[in-house]
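Written out below as structure tokens is the structure these notes cover.
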Amino acid sequence: MDISRDRSFKLFESAQAVIPGGVNSPVRAFRAVGGNPPFIASGCGPWMTDEDGNRFLDCIGSWGPLMFGHAHPAVMKAVQDQLARGWSYGAPTALEVEMANAIVDAVPSVEMVRLVSSGTEATMAAIRVARGYTGRSGIVKFEGNYHGHADFLLAKAGSGVATFGLPECAGVPPAATADTMTLPFNDISALQAAFTAHGNSIACVIVEPVAGNMGCVPPAPGFLQALRDVTNASGAVLIFDEVMTGFRLAYGGAQQRFGITPDMTAMGKVLGGGMPLGAYGGRIDIMRCVAPVGPVYQAGTLSGNPLAVTAGLATLELCRQNNYAVYRQLDEVGARVANVLREAAHRSGVPVTVQQVGSMITVFFTREPSVNNYTDARKCNTDQFGTWHAAMLSAGVYWPPSQFEAAFLSSVITENEVDLIASAAGKAFDVVATAGAK
Ligand code: KE4
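When the letters of the sequence shown are read in order and numbered with numbering that gives the first Met the number 0, they come out as residues 0 to 437.
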């Protein structure tokens, strides 16, 4: 597709004069893949149209929330009806009680829940509550996992494996990450060593039960159970960060899909159906630490916002329809897309490893047979990924602009759209093969 991008280019130019990098979240700037990002004017179903009139098949879905595609009629009507009643009160509403009960009914670990406005707030608050509940300070997280941008989570591994962390970016003082230990994902022995050395000081472990922020990396057999065992033995709180996986991999999230129940869960994305909504919840004895009942403070002007909650409730209703049929559909379409991508790469002679869990997919440009942690992921050829991404975009498929992200398929991606992905991928892998031949 020979696409004109003039308006997007001019908008990007002017955006960069007044917004850092021209974007309100770094990954959108396309710096990991090169080129300029399309500026989106509208979305409908599986499609997005940019300011130059180019139409793309959306394989990001707003980075996960839009599991039912853009402008779904049922969500739109619910939001329009609520709009007429006003959209923010700063006071309790029946909607929030309905949403809290829906979450408690859906998510195995959640007996009590607090609504917030983003995934970052959800994980930040869950960790503060875990620290307040245990009276401990230590946090364990994993390389390649991203949990939002709270200071104490922007940590990288210290000098040794079982040592506390160092700031991962400027502006985070060493003290903020001094209690954060970063371990290799899927490494049970490193986990056990860390708890042997520091078990009594660890307040919580936070994990993406299926990693998406290094690309799609499933838990190794026994890894989630090992997390559950060491936290049970030490009294640390096990937090599943299901901002990405929650309500996507199953109605009860990855914890339902993999049969491991954490003590707390952070949620977002699908929960709000594309509106700003997050939540954290868990065992009632832990959640009773939260103000105004308990001593751990957390608050938010727009927490439980009626418009966001309305969009979320309409989305959860769609999740439950026809006995949760969407999850079987997304598993099938996810497997189908993964296969057409493998077949296209093989035909072009480009070595890739495609990893998929439900509707989360990543094409890793590596000869490794599998990607099990961040060290594996960093071996990928990011130049090849960038070439492939640009060619996919030119062929009308909007894929996440980073090797270290997961694509998110939606319920409105059907056989015709899968065929488009197959065709675009074939052309894109040929471009990579040709470039590699030079
Ligand atoms: P938000 O604060 O962006 O709503 O959520 C942070 C967050 C927490 N936990 C997990 C597992 C997440 O994936 C995220 C955010 N995900 C990224 C995509 N990798 C959002 C996209 C972006 O940062 O622009």
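We treat Cβ as the ideally placed atom computed from N, Cα and C, and that holds for glycine.
- Contact between LEU65 and GLY273 holds, since their C-beta atoms are separated by about 5 Å, short of 8 Å.
- Between ligand 1 and MET243, a heavy atom-to-CB distance of less than 7 Å is present.
- Taking 7 Å as the cut-off, the C-beta of ASN212 counts as close to a heavy atom of ligand 1.
- Per DSSP, ARG319 is one residue of the alpha helix (DSSP H) stretching across 305 to 347.
- According to the DSSP secondary-structure assignment, VAL204 is paired through a beta bridge with VAL139, LEU237.
- Judged by beta-carbon spacing, ALA154 lies beyond the 8 Å limit of PRO172, meaning their Cβ atoms are not closer than that value.
- Counting the other Cβ atoms within 10 Å of the Cβ of PRO218 gives 16 or more, which makes it buried.
- A direct Cα-Cα distance of roughly 27 Å separates ARG346 from ARG54.
- Within 10 angstroms of the beta-carbon of ALA278 lie 16 or more other beta-carbons, which makes it buried.
- Distances from the CB of TRP62 to the heavy atoms of ligand 1 include at least one below 7 Å.
- Scanning the region 76 to 137 from its first residue to its last, the whole beta strand (DSSP E) runs of 3-plus residues come out as 111 to 115.
- Counted as a single uninterrupted DSSP element, the alpha helix (DSSP H) harbouring GLY385 occupies residues 381 to 393.
- With a cutoff of 7 Å, GLU167 does not count as near ligand 1, since its C-beta is closer than that to no heavy atom of the ligand.
- Boundaries of the beta strand (DSSP E) harbouring ALA278: 277 to 281, taken from the DSSP string.
- Taken atom to atom, the span from the alpha-carbon of ALA432 to that of ARG4 is near 25 Å.
- Of the residues assessed, LEU306 falls on the buried side of the cut-off, its CB having 16 or more other CB atoms within 10 angstroms.
- The beta carbon of GLY143 sits closer than 8 Å to the beta carbons of PHE184, ALA210, ASN212, MET213, VAL216, ASN372, TYR373, ALA376, PHE403 from its chain, once the five residues preceding and following it are set aside; these are given in chain order.
- Between LEU408 and CYS58, the CB-CB gap stays under 8 Å.
- Looking from the CA of PRO208, the closest CA among VAL74, ALA196, LYS140 belongs to LYS140.
- The bridge partners DSSP lists for ARG54 are THR48.
- Ligand 1 approaches ASP240 closely enough that one of its heavy atoms is under 7 Å from the residue's Cβ.
- Between the region 246 to 265 and the region 77 to 84, the count of Cβ pairs shorter than 8 Å is below three; the stretches do not touch.
- ALA406 carries a strand assignment under DSSP once its states are collapsed to helix, strand and coil.
- Annotation: the continuous beta strand (DSSP E) that includes SER41 extends over 39 to 43.
- For LYS378, the secondary structure class from DSSP, reduced to helix, strand or coil, is coil.
- Secondary-structure assignment with DSSP links LYS155 through a beta bridge to LEU165.
- Of the heavy atoms belonging to ligand 1, at least one sits nearer than 7 Å to the Cβ of HIS146.
- Taking the C-beta atoms as reference points, VAL295 is found nearer than 8 Å to VAL128.
- Under the 10 Å beta carbon count, PRO400 is surrounded by 16 or more other beta carbons and is classified as buried.
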